[in-house]
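Numbering (my numbering), first residue to last: 618 to 941.
Here it is in structure tokens:
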């Protein structure tokens, strides 16, 4: 085994990164293949980025890293097992600012970037943020630090990466929401192999109908955006597993045919103060495990009796507008 460690490429880091201690590289070497790909995915997070355990598990699940068919554990239970294994090996550590959040040490982050290769890429925010960026043809997973205004040129070369699986903007804690050029979304929605798509961190007021073309999408995060309604084309996202609308305070209506999303497990609609009612037929979402707020409808909306069909719900559930 030690001869294998000695001959493998974990020692081939550039000279400027030789301060990564060998013990960490050996720890990476002994990770199982599934743990290695889960760890490499974390290279999408910038240094000092704080994340929730549940957040990273849902991302791993969306891109197919949690194959429960090869394990006795259900998909997300397997994710928790992986997370705790990485934490036990000191790849993750608890944040000193918030005990419910986690962070990677700078050296661990460097190791993740080395492990990621050309498959993962993080677009940093610089003064030249809107210059055209070139990408490797092997790119599958992309994160980007949100700029104040992200124009067309920033993502121009990305539209050719037809096998892209992840588009994940990251808003740094000391920055405000960024603006995204209106013409960018229709072009991004042509990347039809996307599994993970987020607009969290951007000031977005509406979504084009072409979002319904992302038929493989499993994770959609619109948290904190200014959208008022979800386009009906969202009902075509039959593989959607997670829909996060947290903090969409202007959101008034969900899709009328939302009952079509029969694979949906997580609907985070916390802090959606303007939401008028749940759509009729939400009781068809029998896989639903997370629902933060059930807003009782009046005439065409969902009635309280639909809740009894959602037998897999767990965690905290608020019921609003009982007077209806």
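For glycine and all other residues, C-beta sits at the position ideal for the given N, C-alpha and C.
In three-state DSSP terms, what is residue 861? Taking the first residue of the chain shown as 1, we reach residue 861 at position 244. Correct three-state label for residue 861: strand.
Tell me where the beta strand (DSSP E) around residue 838 begins and ends. Here residue 838 is taken as the residue at index 221 of the chain shown, counted from 1. 836-838 is the span of the beta strand (DSSP E), which, as asked, contains residue 838.
Return the chain-ordered list of same chain residues with a C-beta closer than 7 Å to the C-beta of residue 889, the five sequence neighbours on each side being excluded. Sequence index remark: in the chain shown, residue 889 carries index 272 (1-based). Here the set comprises 862, 865, 866, 868, 910.
Just how far apart, CA to CA, sit residue 891 and residue 844? As a position in the chain shown, residue 891 is number 274, starting the count at 1. As a position in the chain shown, residue 844 is number 227, starting the count at 1. Residue 891 and residue 844: Cα-Cα distance of roughly 11 Å.
8 Å Cβ cutoff met for residue 878 and residue 906: In the chain shown, counting from the first residue as 1, residue 878 sits at position 261. In the chain shown, counting from the first residue as 1, residue 906 sits at position 289. No, the pair does not count as a contact, with Cβ atoms beyond the cut-off.
When burial is assigned at 16 or more other CB atoms within 10 Å of the CB, is residue 744 buried or exposed? Within the chain shown, the letter at position 127 stands for residue 744. Confidence at residue 744 is low in this model, with a pLDDT of 49, below 50, so the placement of that residue should be treated as unreliable; the coordinate-derived value is given next. That one is exposed.
In the DSSP assignment, the beta strand (DSSP E) including residue 644 goes from what residue to what residue? As a first step, residue 644 is located in the chain shown; it is residue number 27 there, counting from the start. From DSSP, residue 644 is part of no beta strand (DSSP E) but of the alpha helix (DSSP H) over 639-646.
Residue ranges of each beta strand (DSSP E) within the stretch 721-771, 3 or longer: 737-740, 758-762
Residues near residue 874 by beta carbon distance below 6 Å, same chain, minus five either side: Indexing the chain shown from 1 puts residue 874 at position 257. Contacts found: 852.
Drop a sphere of 10 angstroms on the beta-carbon of residue 828, count the other beta-carbons inside from all chains shown, and report buried for 16 or more, exposed for fewer. The residue you call residue 828 lines up with position 211 of the chain shown. Buried: at least 16 other Cβ atoms inside 10 Å.
Those runs of the alpha helix (DSSP H) which lie wholly inside the stretch 675-709 and span at least 4 residues: 692-705
For residue 728 versus residue 652, is the C-beta distance shorter than 8 Å? Along the chain shown, read from residue 1 onward, the residue named residue 728 stands at position 111. Along the chain shown, read from residue 1 onward, the residue named residue 652 stands at position 35. Contact flag unset, no.
Proximity to residue 721 [Cα-Cα], best of 926, 773, 675, 657: Translated into positions along the chain shown, residue 721 becomes position 104. Here the closest residue by C-alpha is 657.
Based on Cα-Cα distance, which residue from 898, 904, 935, 903 lies nearest to residue 920? Here residue 920 refers to the residue found at position 303 when the chain shown is read from its first residue. Minimum Cα distance to residue 920 is reached at 898.
Here's the rule I'm using: 16 or more other beta-carbon atoms within 10 Å means buried, otherwise exposed. How should residue 767 be labelled? The residue labelled residue 767 in the question sits at position 150 within the chain shown. That one is buried.
Cutting at 8 Å between CB atoms, please list the residues of its own chain near residue 855, excluding the five before and the five after it. Working through the chain shown from its first residue, we reach residue 855 at position 238. So the qualifying residues of the chain are 832, 877, 878, 879, 880.
Chain-order list of residues whose beta-carbon lies under 6 Å from that of residue 936 (same chain, five-residue window excluded): Here residue 936 refers to the residue found at position 319 of the chain shown. These residues qualify, in order along the chain: 911.
Please state the DSSP three-state secondary structure of residue 924. Here residue 924 refers to the residue found at position 307 when the chain shown is read from its first residue. DSSP places residue 924 in helix when its eight states are reduced to three.
Taking 8 Å as the cut-off, decide whether the C-beta atoms of residue 730 and residue 790 are in contact. Stepping through the chain shown from its first residue, residue 730 is reached at position 113. Stepping through the chain shown from its first residue, residue 790 is reached at position 173. No, Cβ-Cβ distance for residue 730 and residue 790 is not below 8 Å.
Residue 798: which of 823, 894, 810 sits nearest, CA to CA? Taking the first residue of the chain shown as position 1, residue 798 is located at position 181. Checked all of 823, 894, 810; the closest Cα to residue 798 is 823.
Using DSSP bridges, identify the partner residues of residue 910. By 1-based counting over the chain shown, the position of residue 910 is 293. Answer is 935, bridged to residue 910.
Span of the beta strand (DSSP E) around residue 884: Within the chain shown, numbered from 1, the residue matching residue 884 stands at position 267. Per DSSP, residue 884 belongs to the beta strand (DSSP E) from 883-885.
In three-state DSSP terms, what is residue 776? Within the chain shown, residue 776 is the residue found at index 159, counting from 1. In this structure, residue 776 counts as helix in the three-state DSSP scheme.
Okay, do the stretch 810-823 and the stretch 667-686 touch, 3+ Cβ pairs below 8 Å being the bar? yes
Using alpha carbons as the reference points, say which of 775, 761, 759, 665 lies closest to residue 711. The residue you call residue 711 lines up with position 94 of the chain shown. Ranking the options by Cα distance to residue 711, first place goes to 665.
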